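Student: Here it is, the structure, as structure tokens.
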Amino acid sequence: MAGFLLRRILGMLIVLLCLLAVTFIIFYVFPANPARDICGKGCTAATVASIDRQLGLNKPLWAQFGQYVSGIFTGRRFGQGSHLVACNFPCFGYSYQDNLPVSTLILQRLPVTASIAVGAAILWLAGGVTIGAVAALKKNTWVDRVVTATSLVGLALPVFLVAIVLLFLLTAKLGVLPDPSYTSIFVNPGAFFTGMIQPWIALAMVYAAVYARFTRAKLIEAMGEQYITTARAKGLRERRTVVHHGLRSAITPVITILGMDFGGLLGGAVIVETVYGLPGIGQLFLQAVDKVDIPVVTGCTLLAGFFVIAANLIVDLVYASLDPRVRLA
Amino acid sequence: MSLTSLGAQEPLDDSQLLLLPAGPGSQSAWRVGWTRFRRDPVALASLIVIGLLIVMAVLAPVLTAINGHPPDAEYQNHLDPLLGGLPSGSVGGVSGSFWFGLEPGTGRDLFSMIVYGARVSLFVSVSATIVTVVVATLMGITAGFFGGWIDTIISRLMDLLLAFPSLIFMIALVAVLPSVPRLLLLIIILSVFGWPYLGRIVRGETMSLREREFVEAARAMGAPVRYTLLRELLPNLLTPIIVTSMLTVPTYITAEAGLSFLGLGIEPPTPSWGSMLANSLNWYATDPWYFIFPGFFLFLAVFSFNMAGDGLQRALDPRGD
Amino acid sequence: MSPASTSPSPGRDPLVAVDDLHVEFPTNRGVVRAVTGVSFSLGRGETVGIVGESGSGKSATALALLGLHRGSARVHGSVRLDGQELVGASDGLLRSVRGGRAGMIFQDPLSALHPHYRVGDQIIEAYRTHRGGSKRAARRRAVELLEMVRIPRADRRVDDYPHQFSGGMRQRIMIAMALSCRPDLLVADEPTTALDVTTQAEVLGLLRDLQAELGMAIVLITHDLGVVGEMADQVVVMYAGRVVEQASVESIFSEPGHPYTWGLLGSLVSLDRPRPDRLLAIPGQPPSLVNPPTGCAFHPRCPHAETVGAACQHEIPLLLGTGAGGGTGPGLGNGGGRRVACHLPVERRAELRPAGIGTTSEEVGS
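Chains as they are written, first to last, in our numbering: chain G, 388 to 716; chain Y, 6 to 326; chain P, 2 to 367.
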């Protein structure tokens with residue numbers, strides 16, 4: 388197991404390095420005038436020039452990249468004299484437009500995005516897998532058909548469309564839910580849930596449909612395996628056979644595709660925040676794109692990449708803990 | 006794939022490769038497949054709907070000439086200023102003249118906007134799919150055929166791209182490259198993040214074909230392996246490529262709509278379904294028809310491609326269900 | 002070969018009594034009659050070998066014994082374990098029997114054991130379902146069981162996963178699991194088919210020893226007559242869902258009565274007999290169970306069908322006793338009684354039997 392872990396972490400580090408390089412190239416190399424972009428709109432020529440010097444944008448690419456990477460781990464200092472700003476570890480850059488380190492901006496908004504993402508993920512996993520399992524067990528009955536039909540429809544509904552429809556139905560027409568908003572769960576759990584439920588459903592719907600279909604297929608497959616007959620021949624109750632033996636096997640492929648969906652989860656969070664006007668990292672990101680605040684854009688992109696890679700590592704570990712054949716290979 | 010943030014695609018895992026018909030693509034295999042497809046009412050209906058959507062998109066100028074309302078013409082006189090710019094009349098202003106009503110605020114004809122929006126959606130997604138097919142086939146065959154470190158690099162690249170938060174990168178790229186023509190940029194970006202899905206399938210098929218006995222047999226007979234492989238490979242690839250493409254188009258339609266929704270798609274005033282939906286956020290309570298029409302068409306397009314692709318997969322699956 | 006059994010004395014119920022068992026599956030192509038009219042009885046420590054090709058209905062019979070058929074399968078007839086009727090019994094009863102008073106092992110232990118759980122845990126699960134108790138006690142029992150089936154270093158290996166064992170060891174683990182609650186009956190569905198010959202001998206030897214020790218009855222499904230010769234006291238030969246011959250193992254080997262049995266025996270290679278010029282193969286394919294041939298299902302492949310004439314094509318032969326005192330009732334209570342379902346006249350069977358098939362009883366079993 389230790390060897391497995393080590394190899395995976397090493398792979399993750401390599402991917403992270405590639406991610407850093409790609410992000411760096413996109414944001415510091417591509418733009419014609421990175422200094423001006425970093426400084427943002429409404430910037431004076433003098434500031435642009437000083438940024439140019441401070442960030443070492445006149446140095447060779449390798450040196451710039453090195454500074455950029457090391458800055459993440461050790462923090463950096465931008466500017467001199469009265470313009471000095473300290474950007475502590477981890478330094479993902481400094482937003483001249485908002486006068487704050489990017490990491491501060493991100494941390495402020497992290498709870499919102501995390502709430503959206505985690506809540507939706509739990510909803511789609513619990514919901515999708517359960518529904519798929521039920522459909523598999525009641526194969527070819529009306530329950531199964533309803534689930535299949537609903538999944539097919541759900542698959543074709545993009546997040547923003549679902550969000551608008553929900554807003555219209557639940558908030559405007561029926562008035563059962565308030566306008567989605569973020570209240571910290573520690574402040575008011577009730578408001579937290581009623582405020583978040585629509586974003587969660589909107590984001591979870593498509594994934595729930597995918598996972599329902601997938602779980603159904605995998606559980607049907609698993610229930611056809613020989614060890615299911617063995618379990619029954621041991622005298623186990625049917626429920627234990629289904630859950631402990633069947634579902635257990637069906638879960639592992641579901642975990643595999645989970646890894647691929649984290650990236651989508653973040654993208655979905657961006658959209659959901661836009662639709663509902665929630666002050667999360669996604670909204671920060673889009674606003675930065677609009678204002679051409681390159682450090683923020685870069686920081687958010689990096690964060691997204693980090694998160695996906697880390698989440699994939701965790702998924703790999705969970706998979707290995709479930710299927711012993713993988714870790715002992 | 007990470008484009009599932011905006012839409013979804015069924016993960017075709019590698020075990021399903023076995024479902025794809027083996028053996029050279031003979032005429033009869035296609036005929037059998039087509040017959041089965043024909044008997045599937047949902048699949049057939051979906052194909053017809055797709056055809057209609059394509060016709061609608063291609064004939065957009067003709068259709069707007071027929072109804073007499075170019076997409077950018079504003080019919081302010083049909084809006085009610087007292088209601089803040091809502092179309093007068095019910096159902097968002099649907100009438101004999103304005104078949105889908107008017108866009109609130111600007112008074113543009115919704116029907117014209119939708120048919121032109123169809124153009125954007127279908128053009129971008131179909132073009133991106135074509136590019137995807139080309140790239141995925143090349144990369145997949147290369148990886149599967151040569152194996153070794155070439156395969157490792159390509160496979161890792163594919164895994165990476167599949168896992169990445171593609172929407173975020175797409176947004177960033179659009180932001181960083183404002184000078185590139187938007188449609189082209191969209192097509193390229195969609196393909197960059199979309200090709201690995203098909204690439205993995207092509208690679209898998211290539212690798213499995215390489216292992217088959219007929220390669221040994223061909224070699225034993227002295228036939229040139231590469232030539233034999235290509236001759237056998239391409240017909241076998243046709244089916245998974247066609248099925249997967251059919252399922253890729255809806256993913257791209259959703260992705261393009263999502264980008265448009267965020268304001269990063271084709272620039273206004275060109276209408277697109279995504280941007281209409283974005284604008285509809287301002288009016289959803291008072292004029293729901295403004296989101297219902299584009300929403301319905303978006304759903305219809307995605308749904309029909311999904312159904313047709315599913316039907317195609319079932320029809321070409323030799324095992325049957 | 003297990004010690005010769007004493008036939009159950011009249012008036013006392015045998016441990017296992019199967020009477021006129023039928024299994025059918027309705028499909029959209031018609032009704033598949035997988036098993037038609039199987040009957041046999043077993044006492045303690047006795048083994049019945051059910052032999053046949055794939056599609057003969059032998060596995061369907063095995064599954065039917067413990068009610069393991071799912072879905073649309075229809076099972077009629079009677080299966081009584083120690084007097085308790087199992088066909089149509091309640092779920093609760095069947096569950097208490099399965100793994101408790103009757104255990105079952107399967108052909109491929111790699112797919113029959115769950116790949117994600119440790120073998121110890123799987124055995125513990127079987128044990129605790131019926132005996133309850135603490136996990137620690139169950140674990141001790143699991144180690145004991147592994148030792149009983151001769152897994153070396155059982156106390157360490159109890160925590161290993163199925164894929165970490167060889168095929169033979171996995172089969173022994175399955176046996177351990179099936180025997181965890183000391184069942185009276187063990188149903189073994191082709192337990193050695195997936196194993197190489199040496200391992201096969203080990204596993205069979207283990208089964209014999211365990212049977213002697215625990216006194217259980219064994220229903221052994223196999224396509225291999227060699228296995229039958231080693232293990233069984235009685236033999237049931239099945240073809241196309243029906244029993245075509247049923248006799249004690251000695252009778253089957255010394256005086257087989259059915260052309261199909263002759264074919265099966267002829268394809269065995271024996272070191273003891275003069276080497277035939279060619280091995281006798283049974284020509285043709287196993288029949289469809291949806292649309293079986295009319296009359297005797299074997300007639301299309303039987304070299305003697307013409308000798309008999311029209312009856313083979315039109316009449317299904319009944320399973321009739323041929324030996325001294327043979328009757329038509331279930332079981333072979335009359336020691337040496339043999340029943341054959343064939344239109345060939347009894348007197349002609351001996352002469353029609355191919356050379357080299359059938360032996361004197363000394364050569365049977367080794």
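Where a beta carbon is used, it is the ideal one built from N, C-alpha and C, also for glycine.
Remember, predicted model here, so these are calculated numbers, not experimental data.
Strictly under 8 Å for the Cβ-Cβ distance: is T491 (chain G) near chain P by that measure?
Tutor: Counting from 1 along the first sequence, the entry for residue 491 (chain G) is found at position 104. For T491 (chain G), the answer is no, since every Cβ of chain P falls outside 8 Å of its Cβ.
Student: Out of P:E203, P:H23, P:G359, P:Q165, state which residue places its alpha-carbon closest to the alpha-carbon of V120 (chain P).
Tutor: Locating residue 120 (chain P) in the third sequence gives position 119, counting from the first residue. It is P:Q165.
Student: Cα separation between V237 (chain P) and G209 (chain Y)?
Tutor: Counting from one through the third sequence, the residue named residue 237 (chain P) turns up at place 236. Counting from one through the second sequence, the residue named residue 209 (chain Y) turns up at place 204. Straight-line Cα distance between these residues: approximately 48 Å.
Student: Rounded to whole angstroms, what is the Cα-Cα separation between S73 (chain P) and I642 (chain G)?
Tutor: The count along the third sequence starts at 1 and reaches residue 73 (chain P) at position 72. The count along the first sequence starts at 1 and reaches residue 642 (chain G) at position 255. If I take the Cα positions, the gap works out to 33 Å.
Student: Taking the alpha carbon of I146 (chain Y) as the point to measure from, which residue in Y:L64, Y:W200, Y:S277, Y:F42 has its own alpha carbon closest?
Tutor: In the second sequence, counting from the first residue as 1, residue 146 (chain Y) sits at position 141. When only C-alpha atoms are compared, the closest one is Y:W200.
Student: Ignoring anything shorter than 4 residues, give me the alpha helix (DSSP H) runs that lie fully in the stretch 230–271 of chain P, in order along the chain.
Tutor: DSSP runs (the alpha helix (DSSP H)) wholly in the stretch 230–271 of chain P: 250–255, 260–267.
Student: Nearest by alpha-carbon distance to G267 (chain P): which of P:G359, P:P293, P:G206, P:P304 is it?
Tutor: The residue labelled residue 267 (chain P) in the question sits at position 266 within the third sequence. Checking every option, the nearest Cα to that of G267 (chain P) belongs to P:G359.
Student: Under the assumption that L94 (chain P) contacts A65 (chain P) (Cβ atoms under 8 Å), give the Cβ distance between them as a whole number of angstroms.
Tutor: Along the third sequence, one-based indexing puts residue 94 (chain P) at 93. Along the third sequence, one-based indexing puts residue 65 (chain P) at 64. Actually they are not in contact, since the Cβ atoms of L94 (chain P) and A65 (chain P) sit about 16 Å apart, beyond 8 Å.
Student: So, is the C-beta of A450 (chain G) closer than 8 Å to a C-beta in chain Y?
Tutor: For the purposes of this step, residue 450 (chain G) is taken as residue 63 along the first sequence, with counting starting at 1. No, A450 (chain G) lies away from the interface with chain Y (no Cβ there is under 8 Å from its Cβ).
Student: Does chain Y have any CB closer than 8 Å to the CB of L653 (chain G)?
Tutor: The residue given as residue 653 (chain G) occupies position 266 in the first sequence. Yes, L653 (chain G) lies at the interface with chain Y (some Cβ there is under 8 Å from its Cβ).
Student: If you compare alpha carbons, which of P:G216, P:T194, P:S252, P:L319 is closest to V228 (chain P)?
Tutor: Here residue 228 (chain P) refers to the residue found at position 227 when the third sequence is read from its first residue. V228 (chain P) has its Cα closest to that of P:T194, out of P:G216, P:T194, P:S252, P:L319.
Student: Would you verify that the beta carbon of P29 (chain Y) is, or is not, closer than 8 Å to some beta carbon of chain G?
Tutor: The residue labelled residue 29 (chain Y) in the question sits at position 24 within the second sequence. Confidence at P29 (chain Y) is low in this model, with a pLDDT of 47, below 50, so its placement is unreliable and no value can be given for it.
Student: Determine which residues of the stretch 702–715 of chain G have a Cβ less than 9 Å from any Cβ of chain P, and write them out in chain order.
Tutor: Hits within the stretch, in order: L709, D710, P711, R712, L715.
Student: Do you know how far the Cα of L43 (chain P) is from the Cα of V49 (chain P)?
Tutor: Position 48 of the third sequence, counted from the start, is the residue given in the question as residue 49 (chain P). Position 42 of the third sequence, counted from the start, is the residue given in the question as residue 43 (chain P). Their Cα atoms are separated by approximately 7 Å.
Student: Would Q85 (chain P) be called buried (16 or more neighbouring beta carbons within 10 Å of its own) or exposed?
Tutor: As a position in the third sequence, residue 85 (chain P) is number 84, starting the count at 1. Looking at its Cβ environment, which holds fewer than 16 other Cβ atoms inside 10 Å, Q85 (chain P) is exposed.
Student: Between F296 (chain Y) and S285 (chain Y), how many whole angstroms is the CB-CB distance? I'm expecting something under 8 Å.
Tutor: In the second sequence, the residue the question calls residue 296 (chain Y) occupies position 291. In the second sequence, the residue the question calls residue 285 (chain Y) occupies position 280. About 4 Å separates the two Cβ atoms, so the contact holds.
Student: Whose Cβ in chain G lies nearer than 8 Å to the Cβ of D109 (chain P)?
Tutor: Taking the first residue of the third sequence as position 1, residue 109 (chain P) is located at position 108. Result: Q613.
Student: Quick one: is V60 (chain Y) buried, meaning 16 or more other Cβ sit within 10 Å of its Cβ, or exposed?
Tutor: One-based indexing of the second sequence puts residue 60 (chain Y) at position 55. Label assigned to V60 (chain Y): exposed.
Student: Quick check on this structure: which residue in G:G686, G:R394, G:C405 has the alpha carbon closest to the alpha carbon of L162 (chain Y)?
Tutor: For the purposes of this step, residue 162 (chain Y) is identified with residue 157 of the second sequence, where counting begins at 1. Taking only the C-alpha atoms, the option nearest L162 (chain Y) is G:C405.
Student: Report the rounded CA-to-CA distance for A260 (chain Y) versus Y569 (chain G), giving the unit in angstroms.
Tutor: In the second sequence, residue 260 (chain Y) corresponds to position 255, counting from 1. In the first sequence, residue 569 (chain G) corresponds to position 182, counting from 1. Each residue's alpha carbon lies about 27 Å from the other.
Student: Under DSSP, the alpha helix (DSSP H) around I71 (chain Y) begins and ends at which residues?
Tutor: Here the question's residue 71 (chain Y) lines up with position 66 in the second sequence. Element bounds for I71 (chain Y): 65–72.
Student: To the nearest angstrom, how far is the alpha carbon of V131 (chain Y) from that of Q201 (chain P)?
Tutor: Sequence index remark: in the second sequence, residue 131 (chain Y) carries index 126 (1-based). Sequence index remark: in the third sequence, residue 201 (chain P) carries index 200 (1-based). The alpha-carbon atoms of V131 (chain Y) and Q201 (chain P) are separated by roughly 60 Å.
Student: So, using beta-carbon positions, are I55 (chain Y) and F298 (chain Y) closer together than 8 Å?
Tutor: Position 50 of the second sequence, counted from the start, is the residue given in the question as residue 55 (chain Y). Position 293 of the second sequence, counted from the start, is the residue given in the question as residue 298 (chain Y). No, these two residues do not count as a Cβ contact at 8 Å.
Student: Considering just the uninterrupted stretch of the alpha helix (DSSP H) at G692 (chain G), what are its terminal residues?
Tutor: For the purposes of this step, residue 692 (chain G) is taken as residue 305 along the first sequence, with counting starting at 1. Per DSSP, G692 (chain G) belongs to the alpha helix (DSSP H) from 681–709.
Student: How close, in whole Å, do the beta carbons of P192 (chain P) and Q108 (chain P) come, if the pair is a contact with beta carbons under 8 Å?
Tutor: On the third sequence, position 191 is the one that residue 192 (chain P) refers to. On the third sequence, position 107 is the one that residue 108 (chain P) refers to. Between Q108 (chain P) and P192 (chain P) the Cβ distance is about 7 Å, and since that is below 8 Å, they are a contact.
Student: At the 8 Å Cβ level, is S249 (chain P) part of the contact set with chain G, yes or no?
Tutor: Position 248 of the third sequence, counted from the start, is the residue given in the question as residue 249 (chain P). Output row for S249 (chain P): interface = no.
Student: Quick one: is the Cβ of L320 (chain P) within less than 7 Å of any heavy atom of the ligand MN?
Tutor: The ligand MN is absent from the structure shown, which contains no ligands of any kind.
Student: Measuring alpha carbon to alpha carbon, tell me which residue in G:R627, G:F672, G:V597 is nearest A691 (chain G).
Tutor: Here residue 691 (chain G) refers to the residue found at position 304 when the first sequence is read from its first residue. Ranking the options by Cα distance to A691 (chain G), first place goes to G:F672.
Student: Label I615 (chain G) either buried or exposed according to how many other C-beta atoms from any shown protein chain fall within 10 Å of its C-beta, with 16 as the threshold for buried.
Tutor: Translated into the one-based positions of the first sequence, residue 615 (chain G) becomes position 228. Buried: at least 16 other Cβ atoms inside 10 Å.
Student: Can you find the residues in the same chain that come closer than 6 Å, C-beta to C-beta, to L317 (chain Y), ignoring five residues on each side of it along the sequence?
Tutor: The count along the second sequence starts at 1 and reaches residue 317 (chain Y) at position 312. Here the set comprises V248, M251.
Student: Taking just the CA atoms, how far does G633 (chain G) sit from L147 (chain P)?
Tutor: Locating residue 147 (chain P) in the third sequence gives position 146, where the first residue counts as 1. Locating residue 633 (chain G) in the first sequence gives position 246, where the first residue counts as 1. Rounded to the nearest angstrom, the two C-alpha atoms are 25 Å apart.
Student: Would you tell me roughly how many angstroms separate the C-alpha atoms of T253 (chain Y) and D77 (chain Y), rounded to the nearest one?
Tutor: Locating residue 253 (chain Y) in the second sequence gives position 248, where the first residue counts as 1. Locating residue 77 (chain Y) in the second sequence gives position 72, where the first residue counts as 1. Answer to the nearest angstrom: the Cα atoms are 31 Å apart.
Student: Give me the chain P residues within the contact set of A620 (chain G), using Cβ-Cβ distance strictly less than 7 Å, ordered along the chain.
Tutor: Position 233 of the first sequence, counting from 1, holds the residue named residue 620 (chain G). Neighbours of A620 (chain G) on chain P, chain order: L67, L69, R99, G100, M105.
Student: What runs of the beta strand (DSSP E), each 3 residues or longer, lie entirely inside the stretch 492–522 of chain G?
Tutor: Complete beta strand (DSSP E) runs here, min 3: none at all.
Student: For P293 (chain P) and A233 (chain P), which I take to be in contact (beta-carbon distance under 8 Å), what is that distance rounded to the nearest angstrom?
Tutor: Residue mapping note: residue 293 (chain P) aligns to position 292 of the third sequence, counting from 1. Residue mapping note: residue 233 (chain P) aligns to position 232 of the third sequence, counting from 1. So it is not a contact: roughly 27 Å between Cβ atoms.
Student: Within the chosen definition, does the stretch 101–120 of chain Y reach the stretch 172–192 of chain Y through at least 3 CB pairs nearer than 8 Å?
Tutor: Contact fails: fewer than three Cβ-Cβ distances are below 8 Å.
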